[in-house]
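Numbered according to the working numbering, the sequence shown spans residues 27 to 136.
Worksheet: the structure to be examined is printed underneath.
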Amino acid sequence: MNSKSIVYILSTLICSSVFVIFGTYALKKKGPVHFWAGSVVKDEEIKDVKAYNRANAFMWLGAGAIIAFSGFASLIWKSKMISLVFVLLIFFIIIIMMVLYQKIYNKYKA
27 MNSKSIVYIL STLICSSVFV IFGTYALKKK GPVHFWAGSV VKDEEIKDVK AYNRANAFMW
87 LGAGAIIAFS GFASLIWKSK MISLVFVLLI FFIIIIMMVL YQKIYNKYKA
């Protein structure tokens, strides 16, 4: 394993940890969590805060798991092309999360 592989694996693990931490935070938070930076979701905007937070948490935890998997998978498939595919996958995960959040918000909107 070379230094570039170690840096890639560590960066994916750090990134996935942030996602997992936020997902765990969303599960435990009493008020509704927000997705967009600088936005605030008020209690009266959401009809079922617990279900809304759970849906958000699973979205974040799922994304974190996929990102962590990409780091570990790069250990198995030692190819620069695979690493590039996983980096692009992370880009698409972010876009998918934006769409998913909008669906979650609309589903639980009061």
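Yeah, the Cβ is synthetic: ideal placement off N, Cα and C, and Gly gets one too.
These numbers come from a predicted model, not from an experiment.
With distances taken between CA atoms, residue 57 lies nearest to 73 out of 106, 103, 73. The bridge partners DSSP lists for residue 40 come to none.
The beta carbon of residue 53 lies closer than 7 angstroms to those of 79, 80, 83 in the same chain, with the five residues before and after it left out.
The Cβ-Cβ distance between residue 30 and residue 71 does not fall below 9 angstroms. For residue 63, same chain residues with a beta-carbon under 6 angstroms away, outside a window of 5 residues either side, do not exist. Judged by DSSP secondary structure, residue 104 falls outside any alpha helix (DSSP H); it is assigned neither H nor E.
Excluding its 5 nearest sequence neighbours in each direction, residue 86 has C-beta neighbours in its own chain below 7 angstroms: 45, 48, 49, 52, listed in chain order.
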